[in-house]
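Q: Pasting a structure here, questions to come.
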Amino acid sequence: MAQQDPMSPETDSAIGEQAFLRVAATCGIDTSDADRMADLRARVALMRQGLARVYEIDVSGAESPSVFVPNRP
Amino acid sequence: MPETELHYMSAWELSGLIRDRQVSPVDVVEACLSRIEATEPTLNSFITLLPEQARAAATRAEQEIGRGNYRGPLHGIPVGLKDLFNTAGVRTTSGTRIYDNFVPAEDCTVAARFSQAGAILMGKLNMHPLAFGPTGENGDYGHMHNPWNPERITGGSSGGSGSAAAAGQCHITMGSDTGGSVRIPAALCGIVGLKPTYGRVSRAGLTPLSWCLDHPGPMVRTVEDAALAMNAIAGPDPRDPASANVAVPDYTAALTADVRGLRIGMVREYFETELDPAVGELVQRAIAQLGELGAEIVDVSLPLYDYAQPISNAILSSEATAAHRDLLLSDGDKLYPQVRDRLEEGLFITAAEYLRAQQARQVFCAQVEELLGSVDLLAGPVEPVTAPVILERRIDVGGESLPAVPQLTKYTRVYNITGSPAISVPCGFADDGLPVGLHLAGRNFDEMTVLRAAYAYQQASDWHTRRPPL
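Taken in order, these protein sequences are the chains called P and V.
Going from the first sequence to the working numbering is simple: count from 1 and add 1.
Going from the second sequence to the working numbering is simple: count from 1 and add 8.
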């Protein structure tokens, strides 16, 4: 099976292959398990296709809000 | 009075009878327990049933009322809580065996407020594990089953709350709604589900899925009962940092059945996406009926509608994974596979992407807010289909085979993004005998108008009086 780029389509801060493997390992996935990794790559690729659509929205002027405001009385 | 009438009576009707001591809470609880015994093998609504605790509470309520200490309309009324609402001394599993033995030391705010109002906790209700899924599947405690056809899903994640209310197992149930988890099972089970404004009902003591999208809300058989539940649970709470310090009205004042003067926007895009024609027709007929009752129905457009899913997914996935990362690392192999998969996927969204989705959310909210400047309510379907078959991963929507999860959440997520109050109210049955819900959403903190229109529609129809064949 051809290896898919898990972080495709590119967004402005996609992580690379090494980081992908590191993250997979930290969530307990055996990165030497080819079937498991192929499934993960396919799911992440699909998820990121949807995520890329967020970048189609013009966000000029919109702040990145945070729920946590440290100094609000 | 025969018990069979008590379990299906509304809390609104029962409250007067209990207050006047024509009916005892003991009889009401026994009626519900009998109903649970008869239907639970089919429905699987409960993870933990509390018969002895409920009987003892009913006896105490009877004695209190007998002494003249009537607490109000929920005194002696049976309630059920989705099993992610912490309950002191009663295990709270969040729908996974990983938390099978977790017994909270204190009540969540909602449970405490119901208790203060004299309501009787019947048990903890089944749910999609960690509330992360819209179907009502559960590999650990068994899948939930729709009272109208047990081969069909209840919807989720608050599936047990939907089936328990629809089948007369409890009078009031509570769910939580992050992408539709109150309104989806309400629509698919043929009951009323209200997602209040974000910050209106406290999240304190609930297992989080997404901090900025989670909304606790009542699931009941009538709009009156939604108003009664809101009167008990709404209001500021210092234990919840997102709780809003906004005055709480008497929600029963919304029950006027008068919609004259209201402008209701029928959102064009909701009817242009894939939609079962029978469901679309029932919803359009219900909106037209609101017009006949005196509301002005206008065609409106929400051009960004198609972006609700990607915005919601990015935020929900990131926050759910942040909330449950430690669980994923320690017990990932014990999680329901679909839930584990979704948590894993959230690890691959970067912080910059999450914040970009929050920026996009602001733009989306501005568009909805502008719309709600010209109309009082937005109307459409809750679901594009009636309840699908359990474990069906692809569903037929208007002749197209599509993935179930995004289809089931495509209308509901809009109002989790905006935080707006939104309700599902029964609006008919399709040819397959399954119920359909009308979706009405209003301005932030204006649950009154949402309830007002829902009640007017309910009073002009009889869908809420039909009972599942159980």
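Ideal Cβ placement from N, Cα and C applies to all residues, glycine included.
Here the structure is a predicted model, which is why all the values come from computation and not from measurement.
Whether or not the region 183 to 190 of chain V and the region 146 to 160 of chain V are in contact is what I'm after, with contact meaning three or more pairs of Cβ atoms, one per stretch, closer than 8 Å; do they touch?
A: Result no; under three Cβ-Cβ pairs closer than 8 Å.
Q: For the region 152 to 214 of chain V, list the alpha helix (DSSP H) runs that are entirely contained and at least 4 residues long, ordered along the chain.
A: List check, alpha helix (DSSP H) in window: 167 to 174 and 191 to 197.
Q: Between P/ALA39 and chain V, is any beta-carbon pair separated by less than 8 Å?
A: Not closer than 8 Å to any Cβ of chain V, the Cβ of P/ALA39 fails to qualify, so no.
Q: Once you ignore the five residues that flank P/SER14 on each side, which residues in its own chain have a CB closer than 8 Å to its CB?
A: Only weak support exists for where P/SER14 lies, its pLDDT of 42 falling under 50; the value from the coordinates is given anyway. Here the set comprises nothing.
Q: State buried or exposed for V/PHE110, treating a residue as buried only when at least 16 other CB atoms are found within 10 Å of its CB.
A: Exposed is the call here.
Q: What are the partner residues of V/PRO434, as DSSP defines its beta bridges?
A: V/GLY445, per the DSSP bridge assignment.
Q: Kindly indicate which three-state DSSP category V/ILE2 falls into: helix, strand or coil?
A: There is simply no residue 2 of chain V to check, as chain V begins at 9 and stops at 478 in what is shown.
Q: Distance, Cα to Cα, V/THR67 vs V/HIS472?
A: The straight-line gap from Cα to Cα measures roughly 30 Å.
Q: Going by beta carbon distance, what residues of the same chain come within less than 8 Å of V/THR100, once the five residues before and after it are set aside?
A: Correct list, in chain order: ASP91, LEU92, PHE93, ASN94, TYR107, PHE110, VAL111, PRO112, LYS132 and THR215.
Q: For a contact defined as C-beta to C-beta under 9 Å, what are the partners of V/GLY340 on chain P?
A: Here the neighbours are CYS28, GLY29 and ILE30.
Q: Can you tell me which residues form a DSSP beta bridge with V/LYS90?
A: Answer is V/LEU133.
Q: What separation, rounded to the nearest whole angstrom, lies between the Cα atoms of V/VAL383 and V/VAL422?
A: Their backbone Cα atoms lie some 17 Å apart in a straight line.
Q: Could you name the residues of chain P that V/ALA322 contacts, counting a contact when the two beta carbons are closer than 7 Å?
A: Near V/ALA322 (Cβ distances below 7 Å), the residues of chain P are LEU52 and VAL55.
Q: From V/ASP314 to V/TYR278, what distance separates their C-alpha atoms?
A: When rounded, the distance between both Cα atoms is 9 Å.
Q: Less than 8 Å between the beta carbons of V/VAL390 and V/ILE192, yes or no?
A: For V/VAL390 and V/ILE192, yes; Cβs fall inside 8 Å.
Q: Give the list of continuous alpha helix (DSSP H) stretches no shorter than 4 residues that lie fully inside the region 339 to 412 of chain V.
A: You should have 345 to 354 and 359 to 382.
Q: Listing by chain order, which chain P residues have their CB less than 9 Å from the CB of V/ILE480?
A: This structure does not reach residue 480 of chain V, given that chain V is present from 9 up to 478, and the question cannot be answered.
Q: What's the call for V/ALA64, buried or exposed, on a 16-neighbour Cβ count within 10 Å?
A: The residue in question, V/ALA64, is exposed, as its Cβ has fewer than 16 Cβ neighbours within 10 Å.
Q: With distance defined between alpha-carbon atoms, name the residue in V/CYS40, V/GLY176, V/LEU446 and V/ARG350 nearest to V/ALA139.
A: Nearest C-alpha to V/ALA139: V/ARG350.
Q: Just the Cα atoms here: how many angstroms apart are V/SER432 and V/VAL458?
A: About 10 Å.
Q: Taking the beta strand (DSSP E) that V/ILE26 belongs to, which residues open and close that run?
A: From DSSP, V/ILE26 is part of no beta strand (DSSP E) but of the alpha helix (DSSP H) over 19 to 27.
Q: Buried or exposed for V/GLY302, going by 16 or more other Cβ atoms inside 10 Å?
A: V/GLY302 comes out exposed.
Q: I'd like the list of long-range same chain contacts for V/ARG79, defined as Cβ closer than 7 Å, with 5 residues on each side in sequence excluded.
A: If we look at V/ARG79 and ignore the five residues flanking it on each side, its Cβ neighbours are ALA125 and GLY126.
Q: Throw me the rounded Cβ distance for the V/GLY388 and V/TYR419 pair, which I believe falls under 8 Å.
A: That pair is a contact at about 6 Å.
Q: Here's a check: name, in chain order, each residue in its chain whose Cβ is nearer than 6 Å to the Cβ of P/GLN4, leaving out the five neighbours to either side.
A: Here P/GLN4 scores only 48 on pLDDT, less than 50, and its place in the model should not be relied on; the value that follows carries that caveat. Taken in chain order, the list of residues that qualify is empty.
Q: If you follow the beta strand (DSSP E) that V/THR56 is in, where does it begin and where does it stop?
A: 54 to 57 is the span of the beta strand (DSSP E), which, as asked, contains V/THR56.
Q: Considering V/ASP223, what are the terminal residues of the beta strand (DSSP E) in which it resides?
A: Per the sequence shown, residue 223 of chain V should be read as His rather than Asp. Unbroken beta strand (DSSP E) run through V/HIS223: 223 to 228.
Q: Report the residue from V/VAL371, V/HIS153, V/LEU336 and V/ASP454 whose alpha carbon sits nearest the alpha carbon of V/LEU385.
A: Per the Cα distances, V/ASP454.
Q: Excluding five sequence neighbours on each side, which residues of the same chain lie with their C-beta closer than 7 Å to the C-beta of V/TRP20?
A: Closer than 7 Å at Cβ, skipping near neighbours: THR230, GLU232, ASP233 and LEU236.
Q: Which residue wins for smallest C-alpha separation from V/THR329, given the options V/ASP307, V/ALA69, V/GLN317 and V/VAL347?
A: The candidate whose alpha carbon is nearest that of V/THR329 is V/VAL347.
Q: For chain P, find out if any of its Cβ atoms is closer than 8 Å to the Cβ of V/ASP349; answer yes or no.
A: Yes, contact with chain P.
Q: Does the beta-carbon distance from P/SER65 to V/GLN366 come in below 8 Å?
A: Yes; because the gap between Cβ atoms is below 8 Å, this pair is in contact.
Q: Note down, in chain order, every chain P residue with its Cβ under 8 Å from the Cβ of V/TYR315.
A: Under the 8 Å cutoff, chain P gives ARG54, VAL55, GLU57 and ILE58.
Q: Quick check on V/ASP28: buried or exposed, where buried means 16 or more other Cβ atoms within 10 Å of its Cβ?
A: By the 10 Å Cβ count, V/ASP28 comes out exposed.
Q: Hey, quick one: how far does the alpha helix (DSSP H) through P/ASP40 stretch, first residue to last?
A: Note, P/ASP40: alpha helix (DSSP H), 35 to 53.
Q: Can you name the residues of chain P whose CB is closer than 8 Å to the CB of V/VAL413?
A: Going along chain P, no residue has its Cβ under 8 Å from V/VAL413, so there is no contact; the nearest lies around 12 Å.
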